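Residue numbers (my numbering): 1204 to 1729.
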């Protein structure tokens, strides 16, 4: 028997088994799985009524909200394609994405209306605009809830859907060119949810904070699918803020959370860590960027919860690996177990990984030979929207090439050494910027750090460090260099330094090294 792998089956299961259980908590709104399912049906019907057909795109330019999670089901239920836009992009970049994807409907938060009105004349494909919630000032656009109120909560008629059809479209950040639309199929999303559930221990007792990582980011880390599949509760916060996060954990007794390292770092250096009750928190899943072990250790000690590193990409829906200790290795000293948990981790169930040299040949899994990490799985994207050439370049002999340089050891643990473009090559030696950053994060006065390669007439490149001090702390560059010399090889120690008030970040908290490079190489700095 073959049953199409469609994520809507997760919601059907949850509604059947947990109809009165809380599915979503968003501000003062609580939806049971019965409520959630009915609103999803109303959304599907409302979209159909305004002319959305199978294959059409429906875009969200919105802050995190329970209505966006409804979109994860109501849009693909009728065969349409969900497009969540990164609200932190420049208006011209958002206009580029809209014109590339040509959505028919746009759902926009009232707070973001000025952003939309600035580009609406450049986006002719958008025929209908709905306000995510009522606007405090008069608006010509209907609200989302008003559109749903006109519809029946019964299941709509749905077309025959092929599991290999595109269900979601998420755009890469465009740091190396124009943003590219990653096509995620129904099968990709379904397989990713099952892979995550088979690797991480989630069940119907889980109450997870999901709004910290924006829902426009890499498929919301897949949480709208795998949490619904097991009947868990999702707590939505509009954005990450230490106070908002602490209040949400305390109020809902949340057990799990998704964070990126800069968010966790911000939390641990905020008064919120002392003001709120985090005793219910059992696990934090960290992803989206490399994580210094010193940060993981501090989080475990101060929040008294498990802190797990995950790795993934938009193109893999996203989770590829999770850093946990295999049972056969739990006899190792605690320090060695801690080291394993700070690595990129073991591939999730159903994920194959390999490392390749510059000629495309596999390298030994001995922890010593770095190469480009390749991934092969049912959760890997179909390709890039309208970009057949870019799609072809992203694959090698059936493997998706991540652009990350990694080693794999004899136990199967992956460790990302660096992004290909972030490796610093100085005098012929490869320097891992991530390794140098790990050392800098261990310094007690440093809040944030980034290491980039800058041109040097003698060595070709030298490592340049930009550091942000903790509030009330002073940093001595002479002491920093001495600190690094004790922990790094001489060629790895930064040869150039900057002290900054902050580092540029994406909407998901990832440090934007390309901006640091551009700034350093600008004429004013030459």
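We put the CB at the ideal spot given by N, CA and C, even for glycine.
Predicted model, so just to flag it, every value in this text is computed and none were measured.
Below 8 Å, can you find three or more Cβ-Cβ pairs linking the segment 1668-1681 to the segment 1575-1588? By the C-beta criterion, the segment 1668-1681 is judged not to be in contact with the segment 1575-1588, since fewer than 3 inter-stretch pairs fall below 8 Å.
Residue 1680 classed as buried or exposed, judged by whether at least 16 other C-beta atoms fall within 10 angstroms: Here residue 1680 is exposed, its C-beta having fewer than 16 other C-beta atoms within 10 Å.
Taking a contact to mean a Cβ-Cβ separation below 7 Å, would you say residue 1391 touches residue 1582 in this structure? Their beta carbons are under 7 Å apart, which means residue 1391 touches residue 1582 by this criterion.
Any chain B beta carbon closer than 7 Å to residue 1504: Absent from the structure is chain B; it holds one protein chain and no more.
Beta-ladder partner(s) of residue 1269, from DSSP: Residue 1269 pairs with nothing; no bridge assigned.
In or out: residue 1379 buried (at least 16 other Cβ within 10 Å) or exposed? Legend: pLDDT at residue 1379 = 46, less than 50; position of this residue unreliable, value from coordinates given subsequently. It counts as exposed.
So what does DSSP say about residue 1629, is it helix, strand or coil? Three-state result, residue 1629: strand.
Is the Cβ-Cβ distance between residue 1656 and residue 1599 less than 7 Å? No.
Kindly indicate which residue of 1363, 1318, 1299 and 1335 has the alpha-carbon position closest to the one of residue 1383. For the residues 1363, 1318, 1299 and 1335, the minimum Cα distance to residue 1383 belongs to 1299.
Between the alpha carbons of residue 1216 and residue 1432, how many angstroms are there, rounded? The alpha-carbon separation between residue 1216 and residue 1432 amounts to approximately 7 Å.
By DSSP, does residue 1659 sit in helix, in strand, or in coil? Strand.
Under 7 Å between C-beta atoms of residue 1512 and residue 1494: A contact, by the Cβ cut-off of 7 Å.
Give the list of continuous alpha helix (DSSP H) stretches no shorter than 4 residues that lie fully inside the segment 1276-1317. DSSP runs (the alpha helix (DSSP H)) wholly in the segment 1276-1317: 1294-1304.
With 16 as the cutoff for other CB atoms within 10 Å, does residue 1423 come out buried or exposed? Under this definition residue 1423 is a buried residue.
Residue 1459 - containing beta strand (DSSP E), residue span: Residues 1459-1462.
Classify residue 1271: buried if its beta carbon has 16 or more other beta carbons within 10 angstroms, exposed otherwise. Buried, since its Cβ has 16 or more Cβ neighbours within 10 Å.
Expressed to the nearest angstrom, what Euclidean distance is found between the alpha-carbon atoms of residue 1247 and residue 1437? Taking the straight line from one Cα to the other gives about 21 Å.
Which same chain residues, not among the five before or five after residue 1283, have their C-beta less than 6 Å away from its C-beta? Taken in chain order, the residues that qualify are 1255, 1259 and 1261.
Cα-Cα separation between residue 1714 and residue 1353, rounded to whole angstroms: Approximately 44 Å between the Cα atoms of the pair.
I'd like to know whether the C-beta atoms of residue 1419 and residue 1289 end up nearer to each other than 7 Å. For residue 1419 and residue 1289, yes; Cβs fall inside 7 Å.
Hey, how far is the Cα of residue 1561 from the Cα of residue 1604? Roughly 12 Å separates the two Cα atoms.
Starting from the Cα of residue 1558, find the closest Cα among 1552, 1238, 1574 and 1344 and give me that residue. Closest by C-alpha distance to residue 1558, out of 1552, 1238, 1574 and 1344, is 1574.
Identify the residues that DSSP records as bridge partners of residue 1387: which are they? Partner(s): 1371.
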